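Trainee: Below are the structure tokens for one structure; questions will follow.
Chains as they are written, first to last, in the UniProt record's numbering: chain A, 1 to 459; chain B, 1 to 459.
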């Protein structure tokens, strides 16, 4: 088995395992107690906080441990918004933030706050000027990830931090994907991260809040973790998280170069060995281990199953693989194809031969899925006025695009075809197909059944 | 070293350690993913949920794992209150709940809700009739611990649950101290618990919400744990928690009998070997492993240090040992002495000879502390009208009581003595001393400096 989904969760680093085992016997007691076992637990906790703070680039008393990266984000966003409530209730996020940030923003909006989502370009990056333009007099908090979790694109954090600083607005950086590779550059005010993304154990997040940032923790508190993260500290896991962060940092430069070479290989070779593929994300300003591509006429879930059977664990932002049946908000915001989407995220230590094997297996897996889907019950097709109509109502992605591709040859150049569909993914995938195929996407219209997506044949 | 503070945190049970190690290699992946590692993690999580639900006495889909018992309480209280917001915003708690419950109640009150605290008797138990009397038409939620964490007294949960059921009010039971010993009897609606109290790892709480209970999770959610506990699941720790719960339950009946015999011994022998001691908590309806007593004229922190030096780790509800410098709200609500307070909570497996050694060491440790404190700079004493006045302003507990004890012999029977003090603990300890000594506590009066506590000599 080759596990290529490190962006979801990395396998436990050997140093994390060692540190966890060692501190199970030393770190189980209550660090608030005065007796020997408590003092020992307190020493372990203090040492872990110092090590983590050094890796983050902050003071130990600016950093608390939370039960997960998600909770670090939730508590960081809520605390910073409440701390600056007098300034206003405006929150800025990028359109491609992790769902934990977007969920926190939804709660803020439901509570009467306002939220601006800053758009991204086709590579998934925000434009620092556009981000700066969203800052207002009543902006309480701005959020920006250090790098995107689905496509690996790095965000211009330092520039955005500078604009926020000039406007007097704190910037919260979700560093979940990048902290193992290095500290976040620039003048951030709050930072959140998650240990299991760098090979630490589950159950540990970090929240750093710089001195001077107004911060009012929300919800019931207790005396633990400076009143910012209630509940008994999970010290063995915290020790393992800090130790493994230090360990992966020591290997980071070398491993980054190695993984970048491997993902460059995938970026270059996939379009050569698989027809009708779009590689997404920024080609250069990106995390070393992540590469994402989408395959036309492919159902993401079936492709994942095929790859799993072939021994590869990857993930997908396609609608068919998520419980909500909507395509990834990241791919949507980038305006790229979401169907047949595959994210490959290599854990440190990935061997070149496993990547080569993946590149061997992939074309066959894609072809197999396409073959299965190539013979669906043909969608009803009828002439209506001068336009060909494809009726794909009730059919799930990628069928609407497959049916569109089948008829485009019958459309006279300059003529249009109307695709009727009610799968939400079609709204994203039909324009993306047009862009890839050099056809013109005219737009969508309401229809008696579903929505009509109008495409003009250009060539 | 003898660790006698299991009620804070129990050392890791060998079964928890084994299960944790085994699942570090199998349970690190994202259980929401479709590939092999994800499916394996999902299977572990499902099996742990089934085992935990069986031990709790609920359906697996009624139970979610949270990052701690504290978070289980916070999220349980907030979700149940929000789910019944239309009924009203009245919350009932007992006066001796764990601070996590009281903190959740404070937040509710700060948000405009109302809270009734049901008083307890001198043993720490609520009266079911008094609890039932607090139920109102606008009561959204009632909370009651299964047993008290400081004195071990068991609460009449089944009777209170029946009253709540009759009134149509859900009852949340904080079962943190008792779940390792057995399921909570009676018709509770929500239940919270904490794995590290039964020998499971840190980082795992349980929240059970019975089907049919209106529940609206608060704060940002995600798709994990039925939307009730956001953030990546800590599966190795969850597996260890469930496995160790099953293991301690298998040993519970036998171990409960053994520990009860040991705590009975402490209850009986401490007053015999240490003068001026009050053993608190219910003598019979109590947890097997907890026994708590308070020593007159003793500073809790110094006594804990002495016992730690002698090799015993215990905790204290005395004001001097907490960061807030106020005595335990539990001892306060019970109206018992808080000074020189010691809680002994025996972990399963405690050996009888260690208890015997504790009983040997204790009298000397107490005597040593008393000797040190017995020669404080004498407080100014003056006659004012017909009353003796002891000026202990600026002196910390237990000095005010020590000074009171020194002068009571000088007071004519029927006469009064006024103790001037500004330590908050005096408000609790002077009446408690009167009760123990058969003197009459007349009451308190404002004074130029501090508060005047008036005591009448009866005998």
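Built from N, CA and C at the ideal position, the CB exists for glycine as well.
All of these numbers come straight from a predicted model, not from anything done at the bench.
(1) With 9 Å as the limit, tell me which residues of the stretch 77-92 of chain B have their beta carbon closer than that to any beta carbon of chain A; keep them in chain order.
(2) Compute the Euclidean distance between the alpha carbons of residue 361 (chain A) and residue 37 (chain B), then round it to the nearest angstrom.
(3) Just by C-beta distance, which residues in the stretch 231-243 of chain B are closer than 8 Å to chain A?
(4) Leaving out the 5 sequence neighbours to the left and right, which residues in its chain are closer than 7 Å to residue 120 (chain A) when beta-carbon positions are compared?
(5) According to DSSP, simplified to helix, strand and coil, what is residue 140 (chain B)?
(6) Using a cut-off of 8 Å between C-beta atoms, extract the partners of residue 17 (chain B) located in chain A.
(7) Give the residues from the stretch 98-115 of chain B that approach chain A closer than 8 Å (Cβ to any Cβ), ordered along the chain.
(8) From the DSSP output, read off the bridge partner residues of residue 418 (chain A).
(9) Is it the case that the stretch 336-351 of chain B contacts the stretch 288-297 of chain B, given that we only count it when at least three CB pairs across the two stretches are under 8 Å?
(10) With a threshold of 8 Å between beta-carbons, can residue 34 (chain A) be considered close to chain B, or not?
(11) Run through DSSP, which three-state label would residue 403 (chain B) get?
(12) Return helix, strand or coil for residue 295 (chain B), following the three-state DSSP convention.
(13) Output yes or no for whether 8 Å exceeds the beta carbon distance between residue 470 (chain B) and residue 153 (chain B).
(14) Does any CB atom of chain B fall closer than 8 Å to the CB of residue 327 (chain A)?
(15) Quick one: what does DSSP say residue 223 (chain A) is sitting in, helix, strand or coil?
(16) Please report how far the alpha carbon of residue 221 (chain A) lies from the alpha carbon of residue 447 (chain B), in whole angstroms.
(17) Under 7 Å Cβ-Cβ, which residues of chain B neighbour residue 37 (chain A)?
(18) At what residues does the alpha helix (DSSP H) containing residue 23 (chain B) begin and finish?
(19) For the stretch 165-215 of chain B, which segments carrying the beta strand (DSSP E) assignment without a break, of at least 3 residues, lie completely within its bounds, in sequence order?
(20) Identify the contact partners of residue 479 (chain B) in chain A, using a Cβ-Cβ distance below 9 Å as the criterion.
(21) For residue 217 (chain A), report the span of its beta strand (DSSP E) as first-last.
(22) Out of A:305, A:144, A:420 and A:262, point me to the one whose CA is closest to residue 353 (chain A)'s CA.
(23) Hey, out of B:91, B:225, B:455 and B:2, whose CA is closest to residue 172 (chain B)'s CA?
(24) Should residue 208 (chain B) go down as buried or exposed, given a rule of 16 or more other Cβ atoms within 10 Å for buried?
(25) Can you tell which of B:142, B:56 and B:40 has the C-alpha that lies nearest to the C-alpha of residue 131 (chain B)?
(26) Grouping DSSP H, G and I as helix and E and B as strand, with all else coil, what is residue 439 (chain B)?
(27) Within a Cβ cutoff of 6 Å, which residues of the same chain sit near residue 3 (chain A), ignoring the five residues on either side of it in sequence?
(28) For chain B, find out if any of its Cβ atoms is closer than 8 Å to the Cβ of residue 180 (chain A); answer yes or no.
(29) For residue 101 (chain A) and residue 169 (chain A), what's the separation of their Cα atoms in angstroms?
(30) By alpha-carbon positions, which one of A:276, A:336, A:24 and A:189 ends up nearest to residue 83 (chain A)?
(31) Relative to the C-alpha of residue 225 (chain B), which candidate in B:413, B:118 and B:206 has its C-alpha closest?
(32) Spell out a yes or no on whether the stretch 189-203 of chain A and the stretch 238-251 of chain A are touching, meaning 3 or more CB-CB pairs, one atom from each, closer than 8 Å.
(33) Which of the three DSSP states, helix, strand or coil, is assigned to residue 5 (chain B)?
(34) Could you confirm whether any beta carbon from chain B is found closer than 8 Å to the beta carbon of residue 95 (chain A)?
(35) In the DSSP assignment, find the beta strand (DSSP E) that holds residue 343 (chain B) and state where it starts and stops.
(36) Got a sec, what are the start and stop residues for the alpha helix (DSSP H) residue 358 (chain A) sits in?
Mentor: Checking against the coordinates, here is how it stands:
(1) 77 and 78
(2) Start at 1 with the first residue of the first chain, and residue 361 (chain A) comes out as number 361. Start at 1 with the first residue of the second chain, and residue 37 (chain B) comes out as number 37. Straight-line Cα distance between these residues: approximately 19 Å.
(3) 231, 232, 233, 234, 235, 236 and 237
(4) Position 120 of the first chain, counting from 1, holds the residue named residue 120 (chain A). Closer than 7 Å at Cβ, skipping near neighbours: 94, 95, 96, 126, 333 and 334.
(5) Looking up residue 140 (chain B) in the second chain gives position 140. In the structure shown, residue 140 (chain B) sits in a strand (DSSP, three-state: E or B).
(6) Here the question's residue 17 (chain B) lines up with position 17 in the second chain. Correct list: 24.
(7) 99, 100, 103, 104, 106 and 107
(8) Position 418 of the first chain holds residue 418 (chain A). Residue 418 (chain A) pairs with A:389 and A:454.
(9) yes
(10) Here residue 34 (chain A) refers to the residue found at position 34 when the first chain is read from its first residue. Yes, residue 34 (chain A) counts as interfacial toward chain B.
(11) Counted from its first residue, the second chain places residue 403 (chain B) at position 403. DSSP places residue 403 (chain B) in helix when its eight states are reduced to three.
(12) Mapped onto the second chain, residue 295 (chain B) falls at position 295. Note: residue 295 (chain B) maps to strand in three-state DSSP.
(13) Outside the shown range of chain B, which is 1 to 459, sits residue 470 (chain B), and nothing can be said about it.
(14) For the purposes of this step, residue 327 (chain A) is taken as the residue at position 327 of the first chain. Closer than 8 Å: no.
(15) Position 223 of the first chain, counted from the start, is the residue given in the question as residue 223 (chain A). Looking at residue 223 (chain A) - three-state DSSP - the assignment turns out to be coil, as it is neither helix nor strand.
(16) Along the first chain, one-based indexing puts residue 221 (chain A) at 221. Along the second chain, one-based indexing puts residue 447 (chain B) at 447. Rounded to the nearest angstrom, the two C-alpha atoms are 35 Å apart.
(17) As a first step, residue 37 (chain A) must be located in the first chain, where it is residue number 37. Per Cβ cutoff of 7 Å: 3 and 313.
(18) Against the second chain, residue 23 (chain B) aligns to sequence position 23. Note, residue 23 (chain B): alpha helix (DSSP H), 14-24.
(19) 171-174, 190-194 and 205-209
(20) Absent from the model: residue 479 (chain B). The displayed extent of chain B is 1 to 459, so no value can be given.
(21) If you number the first chain from 1, residue 217 (chain A) lands on position 217. No beta strand (DSSP E) contains residue 217 (chain A), which DSSP labels as neither H nor E.
(22) Taking the first chain and counting its residues from 1, one reaches residue 353 (chain A) at position 353. That would be A:262, whose Cα lies nearest to the Cα of residue 353 (chain A).
(23) Your numbering for residue 172 (chain B) matches position 172 in the second chain. If we check each option's Cα against that of residue 172 (chain B), B:91 comes out closest.
(24) Residue 208 (chain B) sits at position 208 when you count from the first residue of the second chain. It is buried - the Cβ of residue 208 (chain B) has at least 16 other Cβ atoms within 10 Å.
(25) Working through the second chain from its first residue, we reach residue 131 (chain B) at position 131. The candidate whose alpha carbon is nearest that of residue 131 (chain B) is B:142.
(26) The residue given as residue 439 (chain B) occupies position 439 in the second chain. DSSP places residue 439 (chain B) in coil when its eight states are reduced to three.
(27) As a working note, residue 3 (chain A) is residue 3 in the first chain. If we look at residue 3 (chain A) and ignore the five residues flanking it on each side, its Cβ neighbours are 313.
(28) Mapped onto the first chain, residue 180 (chain A) falls at position 180. For residue 180 (chain A), the answer is no, since every Cβ of chain B falls outside 8 Å of its Cβ.
(29) Mapped onto the first chain, residue 101 (chain A) falls at position 101. Mapped onto the first chain, residue 169 (chain A) falls at position 169. Rounded to whole angstroms, residue 101 (chain A) to residue 169 (chain A) spans 17 Å at the Cα level.
(30) Residue 83 (chain A) sits at position 83 when you count from the first residue of the first chain. Of A:276, A:336, A:24 and A:189, the residue nearest in Cα terms is A:189.
(31) By one-based count along the second chain, residue 225 (chain B) stands at place 225. Ranking the options by Cα distance to residue 225 (chain B), first place goes to B:206.
(32) yes
(33) By 1-based counting over the second chain, the position of residue 5 (chain B) is 5. Residue 5 (chain B) falls in the strand class under three-state DSSP.
(34) Against the first chain, residue 95 (chain A) aligns to sequence position 95. No, residue 95 (chain A) lies away from the interface with chain B (no Cβ there is under 8 Å from its Cβ).
(35) Translated into positions along the second chain, residue 343 (chain B) becomes position 343. From DSSP, the beta strand (DSSP E) with residue 343 (chain B) extends over 341-345.
(36) Locating residue 358 (chain A) in the first chain gives position 358, where the first residue counts as 1. 352-374 is the span of the alpha helix (DSSP H), which, as asked, contains residue 358 (chain A).
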